[in-house]
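For reference, the structure discussed in these notes is given below.
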Amino acid sequence: MSGFVFFREKQLALRVAAAWPFHRTVAGSVRAVLDEEIRRSGSLDEVQLYFENPCAQACEFCEEPRRRGRFPSRHLASLLQRSQELGLDLVGSGALAALVDALVDLEPKVPLTITGHDWTRHPRRPEILAALERRPDARLRLQGPSLGFSSPELTRRVAALPGLEWIATTLQSSDAAEHDAMVGAPGAHAELIAALDNLKAARVPVLLTVVLSRRALRTLPETLSFLSARQLSVSLQAFIPDEAMGPAFDVLAPLDELRRALDRAPREALDAIHSVVGVPPCAAPAQLRRKIAPAHRMKGREGARFGAGCGTCAARGRCSGVPSSYLVALGARGMEPLASTD
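Here the numbering used here is used: the first residue of the sequence shown is 266, the next is one more, and so on.
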């Protein structure tokens, strides 16, 4: 996707501020930033806006909790929260509303994905929703922990957005204790299940993800059966560390353990899987290989690597390989060349 653009909240705020002296309005500054991105990539297909309010979770597969509590990150986080509370951020300045306007005015309209540290608990959530509601023709996608949707009132308000295409969230395990341990938040499982029930009742399309950390494999067969029974589909997403995280040896899921976990799942439970992202075909049963997709790479992430035996694999050419940290931590463990992709 050549025109995929990812903005962090404070990064975009700084770019808008830098453009202000030349355009003198928030709307003009936002449009200038978008024009710069279009010139750089040649197109604009999706904009992701990552809100950086303090997160209520500390997921084992997330980069941010490993930095939380360390200076200067702690100091910067407090300043960001203060600016949000004072209305000096993207939302209070009107930049978010201007961004929505600019994306709607493009031809064709470009979807805006709101993501980040559970934006449903952002200190300026009412203003975020108001900015989204004022343009019923906007294309909107929402992702994150999304625990705020355990509130029926919030769910109904968001479900009423005419341009809402989907809401994405993550379930790490059907076992409450396991899920809560992986996301570092006691009670998160109960809130998430309530949110899923509310979203289903509101008929909101839900994109559910399981991040394939090593711990998630312990209960993966049961999780898939749980989702199948609730008629929920799921995307299995490989854990691909950012370079800043280092090798993250304790979180990486060995491919042979992933294959055994999938082999233990009942066949009907595998039907709940609609995609497998960033996993080599050799780690998936034949039933799932047609659902494998390469990982979407963003600038700054680890490159894909292949094992010594991969050159003889029948899947070479459409396999996304593994992150370099996998080979450092586990070598070619579980990377078995396939004689056929059938």
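Glycine residues also receive a C-beta, built at the ideal position from the N, C-alpha and C atoms.
None of the values given here were measured: they were computed from a predicted structure.
Give every residue of the same chain whose Cβ lies closer than 6 Å to the Cβ of residue i, excluding the five residues on either side of it in the sequence, and list them in chain order.
i, result
"A433", "Q408, L472"
"P519", "L595, R598, G599"
"G574", "P602"
"S294", "V281, A284, W285, H288"
"A403", "V365, V369, G428"
"P417", "N463"
"P545", "C584"
"A251", "Given a span of 266 to 607 for the chain in the structure shown, any question on residue 251 remains unanswerable."
"V270", "E302, V312"
"A446", "none"
"T474", "T435, S500, Q502"
"H258", "Here the chain has residues from 266 to 607 only, and residue 258 is not among them."
Could you have a look at residue i and say whether DSSP puts it in helix, strand or coil?
i, result
"V387", "Val is not the amino acid found at residue 387; the sequence shown has His there. Residue state, collapsed to three classes: coil."
"A569", "strand"
"A450", "coil"
"L507", "In the sequence under discussion, the amino acid at residue 507 is Asp, which differs from the Leu named in the question. The answer is strand: DSSP assigns D507 an E or B state."
"L426", "coil"
"L472", "strand"
"T577", "helix"
"E398", "helix"
"V516", "coil"
"G596", "coil"
"Q552", "helix"
"S438", "coil"
"A604", "coil"
"T234", "With the chain covering 266 to 607 only, the question about residue 234 has no answer from this structure."
"A283", "helix"
"R335", "Because R335 sits at a pLDDT of 47, beneath the cut-off of 50, its placement in the model cannot be relied upon, and the point is left open."
"T488", "helix"
"P546", "helix"
"A362", "helix"
"S308", "coil"
"S294", "helix"
"F414", "helix"
Per DSSP, residue i is paired with what?
i, result
"R406", "T378, W431"
"I557", "V541"
"Y315", "R273, T380"
"P588", "A569"
"L477", "A503"
Drop a sphere of 10 angstroms on the beta-carbon of residue i, count the other beta-carbons inside from all chains shown, and report buried for 16 or more, exposed for fewer.
i, result
"V593", "exposed"
"G452", "exposed"
"A604", "exposed"
"A283", "exposed"
"A466", "exposed"
"F514", "exposed"
"G381", "buried"
"L477", "buried"
"D607", "exposed"
"S585", "buried"
"G334", "Any reading at G334 must be qualified, since the residue scores a pLDDT of 47, below 50, and its modelled position is unreliable; the value itself is stated next. G334 is exposed by the Cβ-count criterion."
"D310", "exposed"
"E456", "buried"
"L517", "buried"
"L279", "exposed"
"G543", "buried"
"S308", "exposed"
"P531", "exposed"
"A252", "The structure shown does not extend to residue 252, since the chain is modelled only from 266 through 607, so no value can be given for it."
"A367", "buried"
"E372", "exposed"
"Q276", "exposed"
"Q496", "exposed"
"A442", "exposed"
"R406", "buried"
"A363", "buried"
"P470", "exposed"
Ordered along the chain, which non-local residues of its own chain (more than five positions away) have a Cβ less than 8 Å from that of residue i?
i, result
"L553", "L527, L535, I538, V541"
"A460", "S411, L412, G413, F414, S415, T420, T434"
"A450", "A321, Q322, A323"
Leaving aside the five residues before and after residue i along the sequence, list all residues of the same chain whose C-beta is less than 7 Å from its C-beta, in chain order.
i, result
"L361", "L355, I393, A396"
"D521", "R598, G599"
"E533", "S493"
"R400", "V365, D366, V369"
Q | Contact the segment 292-305 vs the segment 411-429: 3+ CB pairs below 8 Å | A | no
(Q) Between the segment 485-502 and the segment 571-587, can you find at least three pairs of beta-carbon atoms closer than 8 Å? (A) no
Q. Looking at C-beta atoms only, is the number of pairs between the segment 379-399 and the segment 351-365 that lie closer than 8 Å three or more?
A. yes
**Q.** Contact the segment 317-328 vs the segment 284-296: 3+ CB pairs below 8 Å
**A.** No contact exists between the segment 317-328 and the segment 284-296.
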